[in-house]
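Counting with the working numbering, you get residues 3 to 353 for the letters of the sequence shown.
The C-beta atom is built at its ideal place from N, Cα and C for all residues, glycine as well.
Heads up: the structure comes next, in structure tokens.
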Amino acid sequence: MVGTPDEFINYVVSHPIRYRLIADPGVGKTPTTAVMISEIVKAGCTRGNTGKGEKVPHTLVTVSYPGAVASLKDSNYPLEHFLKYGDTTAAIKSFDDCLDDGNFRVQNPTFAANFFQIWAWDELDNTLNSCSEPYKAGENLKKILKQFGHNNIGWIVSGQSVMTKQIPGFTNDDRSLFTEIIIGISKIRHYLNTYGKGKNSESNLAKLTRNLDAIEEYIEHKNELVTDDARLLRVALVVDSRSPKLYFLPNLDKVSFNYSLIEETKRLARVAKSPDTGYTRLTRDTLNSSIASTDMVMSAASFSTIGGNRLQDTKPYCPHCGHANLTIRKDKRYYCLNCKKVTVSNKIVWK
3 MVGTPDEFIN
13 YVVSHPIRYR
23 LIADPGVGKT
33 PTTAVMISEI
43 VKAGCTRGNT
53 GKGEKVPHTL
63 VTVSYPGAVA
73 SLKDSNYPLE
83 HFLKYGDTTA
93 AIKSFDDCLD
103 DGNFRVQNPT
113 FAANFFQIWA
123 WDELDNTLNS
133 CSEPYKAGEN
143 LKKILKQFGH
153 NNIGWIVSGQ
163 SVMTKQIPGF
173 TNDDRSLFTE
183 IIIGISKIRH
193 YLNTYGKGKN
203 SESNLAKLTR
213 NLDAIEEYIE
223 HKNELVTDDA
233 RLLRVALVVD
243 SRSPKLYFLP
253 NLDKVSFNYS
263 LIEETKRLAR
273 VAKSPDTGYT
283 RLTRDTLNSS
293 IASTDMVMSA
303 ASFSTIGGNR
313 LQDTKPYCPH
323 CGHANLTIRK
333 DKRYYCLNCK
343 KVTVSNKIVW
353 K
């Protein structure tokens, strides 16, 4: 009748990463997204975002949430470690950055083959509505999603509206770009009333409705005994392409990230994008060894610097922007991954 939380996770990690979460405020869209990403990163993503077959070696996650900076309730934002766009201006920029990422992958297929990118847009509809030209921005995003799915890019978006046409630039026909996950019994009923007859047979729709009726009282009774909000019993409808399925959701505290591995993956991606790494010539077997040799050069180097010589336990910083995201080129000059400038060794600042 209703799938278990583990069955929900198994579904999420074995299907294309193109999910759209729909729920009322306070029901748990963002924590559920965090649980999903946690499990997806552990399981790994598949080539071409098919959900089946060979795994991509590394997974990158980038999150946009325009309310992160201003929202007090999200002081413990569960995806903070991946948050790159934390206000409206930054969130709008994320669409251009996603386009750049997709174009880069088309031009550099070896990089794309080694690094799967998940883009997560929290409150997507609000972000698009904040653009100066919402419908144009939505149309552009739609093109990105259609174009780059096979270049190892996946997406998880969330919002409150059941109707896809409420997303600027999208129509109800664009629902095929997402696997929709509707959270909460009242929202599921609204969804079935809006789209149910078009997606399901009368008998299947009747079964779903009966199942909701049967579990509603059960959920209410169970939740009366729960004191931890993260462990409240929640149900979701996953609108699978074959037939919708009801699942109980995992506890919202079922989030576990290996942060050291995540940081290492980000570092590998930065180095792989460096002009001197030669990512267009790298294979999966040589990627790690090439990066390791770059690190050895970095740790072994001892150059004269601004203000004197390098001291033990100091790090090189870019004199132009102040960042420490540096790699060493073959000619021993430093390349800044932040501002993209090349600096001779005796101009580097050591701190």
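Would you mind reading off the limits of the beta strand (DSSP E) that contains residue i?
i: A238; result: 237-240
i: A122; result: 117-123
i: I250; result: One detail in the question is off: residue 250 reads as Phe in this sequence, not Ile. Element bounds for F250: 247-250.
Smallest Cα separation from residue i: which of the options?
i: C320; options: F150, E125, V344, G140; result: V344
i: G46; options: V14, V29, C323; result: V14
i: R191; options: D175, H223, K209; result: K209
i: I350; options: P318, L339, N340; result: P318
i: N105; options: N131, A72, G151, N128; result: G151
i: S258; options: N174, S40, H17; result: S40
i: M3; options: I330, P252, N206, E226; result: N206
i: I94; options: T211, I185, S16, P136; result: P136
i: V240; options: I185, L227, P33; result: I185
i: S2; options: D26, E141, I330; result: Missing from the structure shown is residue 2; the chain here goes from 3 to 353 and no further.
i: V71; options: A36, T91, E204, G53; result: T91
i: S243; options: A232, L251, N202; result: N202
i: C341; options: H322, K332, F10, F97; result: H322
i: D255; options: Y193, H223, P33, T6; result: P33
i: D124; options: C338, G30, K332; result: G30
i: T211; options: G198, I221, Y220; result: G198
i: D98; options: G161, I146, E204, T196; result: I146
Just grab the DSSP bridge partners of residue i for me.
i: T48; result: K57
i: T329; result: Y337
i: I184; result: I24, L239
i: S66; result: Y87, W123
i: P321; result: The partner list for P321 (beta bridge, DSSP) is empty, contrary to what the question assumes.
i: T345; result: Y336
i: V351; result: Y319
State the start and end residues of the unbroken alpha helix (DSSP H) segment that holds residue i.
i: K86; result: Run containing K86: none in the alpha helix (DSSP H); it sits in the beta strand (DSSP E), 85-87.
i: G104; result: 90-109
i: I29; result: The sequence shown places Val at residue 29, rather than the Ile named in the question. Unbroken run through V29: none, as it is neither H nor E.
i: K209; result: 204-225
i: F10; result: 7-15
i: T267; result: 261-275
i: T129; result: 126-131
Check your understanding: Are the segment 51-62 and the segment 106-120 touching, with three or more C-beta to C-beta distances below 8 Å?
Key -> Using a Cβ-Cβ distance cut-off of 8 Å, the segment 51-62 and the segment 106-120 are in contact, since at least three pairs of beta carbons, one from each stretch, lie closer than that value.
Point to revise | the segment 259-271 / the segment 233-250 touching (three or more Cβ pairs under 8 Å) | key: Three or more Cβ pairs closer than 8 Å define a contact, and the segment 259-271 falls short of that threshold against the segment 233-250.
Exercise for review: Evaluate the contact criterion for the segment 170-184 versus the segment 208-218: three or more CB pairs, one atom per stretch, below 8 Å.
Suggested key: Under the 8 Å Cβ criterion, the segment 170-184 does not count as touching the segment 208-218, having fewer than three qualifying pairs.
Review point. Where in the segment 136-170 do unbroken runs of the beta strand (DSSP E), each at least 3 residues long, occur, reported from the N-terminal end onward?
Key: Annotation: the segment 136-170 contains the following complete segments of the beta strand (DSSP E) (minimum length 3 residues), in chain order: 155-161.
Check your understanding: At a cut of 8 Å, does the segment 149-168 reach the segment 16-24 through at least three beta carbon pairs?
Key -> The segment 149-168 and the segment 16-24 touch, with no fewer than 3 CB-CB distances between them shorter than 8 Å.
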